[in-house]
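As structure tokens, the structure follows; a few thoughts come after it.
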Amino acid sequence: MATSLRRCGRRLVSSVFNNKEFSTTCQGNKVIQQQHEQLQETGKSLNLCSAINQALHIALETDPRSYVFGEDVSFGGVFRCTTGLAEKFGKKRVFNTPLCEQGIVGFGIGLAAMDNRAIAEIQFADYIFPAFDQIVNEAAKFRYRSGNQFNCGGLTIRTPYGAVGHGGHYHSQSPEAFFCHVPGIKVCLLIPRS
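The opening residue of the sequence shown carries number 1 in UniProt numbering; numbering runs sequentially from there.
This is the structure in structure tokens:
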């Protein structure tokens, strides 16, 4: 049953996204088509992990107040998305944390409140629940509670979600809906189309 639903969903998604009249952005499908053509001309294609690595590289290179931290990030992370960042930018800006999601997010909130760009990584979205209180009751309400004196606008929490092919019940959840309905939080989903 699940396999046939997946197959049906893939057909539906591919038919919708291959339709030239369907728009995935406010600017319309023409912009996406132009970007796709430019990508084909340059011949440069990235997988999702490489794109994340380059985005983190750009963030660290352009803003000296940017920090990347989480479990095993200085070693490259579970999916190797942070490979090479600690060597290039130093272990003071790209560093490992203890296995404590609540602490990782709490530390990120503190960094962001002091006008830094905190990029916290939780290894798998399934493990974000211990940090739920920090995200929903602290980060999301920080500006409101401080009378607009402070905010956590510089906080990014990055976490992979959904099935990884072999993860089972602790590495395959998609908890983003819990956060989509919280005022003060913006949820951005990157879905690879491979």
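Quick reminder that beta carbons are idealized off the backbone N, C-alpha and C, glycines included.
Report the CB separation of residue i from residue j in whole angstroms; it is logged as a contact under 8 Å.
i: I52; j: C81; result: 4 Å
i: V68; j: L60; result: 7 Å
i: H99; j: E121; result: Note on residue identity: the sequence assigns Leu, not His, to residue 99. No, L99 and E121 are not in contact; Cβ-Cβ is about 12 Å, not under 8 Å.
i: Q134; j: G106; result: 5 Å
i: G162; j: S146; result: The pair is not a contact, with the Cβ atoms about 35 Å apart (cut-off 8 Å).
Tell me which same chain residues have a C-beta within less than 8 Å of the C-beta of residue i, skipping the five on either side of it?
i: S14; result: Since pLDDT at S14 reaches only 47, below the 50 mark, its modelled position is unreliable, and the value read off the structure follows with that caveat. Hits under 8 Å: none found.
i: D115; result: R65 and G154
i: V136; result: F179, V182 and I185
i: N96; result: F69, G70, E71, D72, V73, S74 and F75
In whole angstroms, what separates the C-alpha of residue i from that of residue j?
i: L190; j: I104; result: 22 Å
i: I157; j: G90; result: 20 Å
i: K186; j: V94; result: 24 Å
i: Q130; j: A55; result: Note on residue identity: the sequence assigns Pro, not Gln, to residue 130. Roughly 27 Å between the two C-alpha positions.
i: V78; j: D63; result: 25 Å
i: I58; j: S50; result: 12 Å
i: F124; j: F75; result: 16 Å
i: S174; j: P160; result: 9 Å
i: Y170; j: K88; result: 33 Å
i: A112; j: E138; result: 12 Å
i: G108; j: K92; result: 14 Å
i: Q149; j: K141; result: 12 Å
i: K44; j: A177; result: 33 Å
i: D126; j: T42; result: 37 Å
i: C188; j: G168; result: 24 Å
Can you check DSSP and say which residues form a bridge with residue i?
i: V94; result: V68
i: T156; result: I119
To which residues of the same chain is residue i closer than 7 Å at the C-beta, ignoring the five residues directly before and after it?
i: L85; result: L56, H57, L60, V68 and V94
i: I128; result: E101, I122, T159 and P175
Tell me which same chain residues have a C-beta within less than 6 Å of the C-beta of residue i, skipping the five on either side of it?
i: R143; result: N151
i: K102; result: Looking at the sequence shown, residue 102 is not Lys but Gln. Result list for Q102: P130, A131 and Q134, in chain order.
i: R117; result: D63, R65, S66 and G154
i: T83; result: G76
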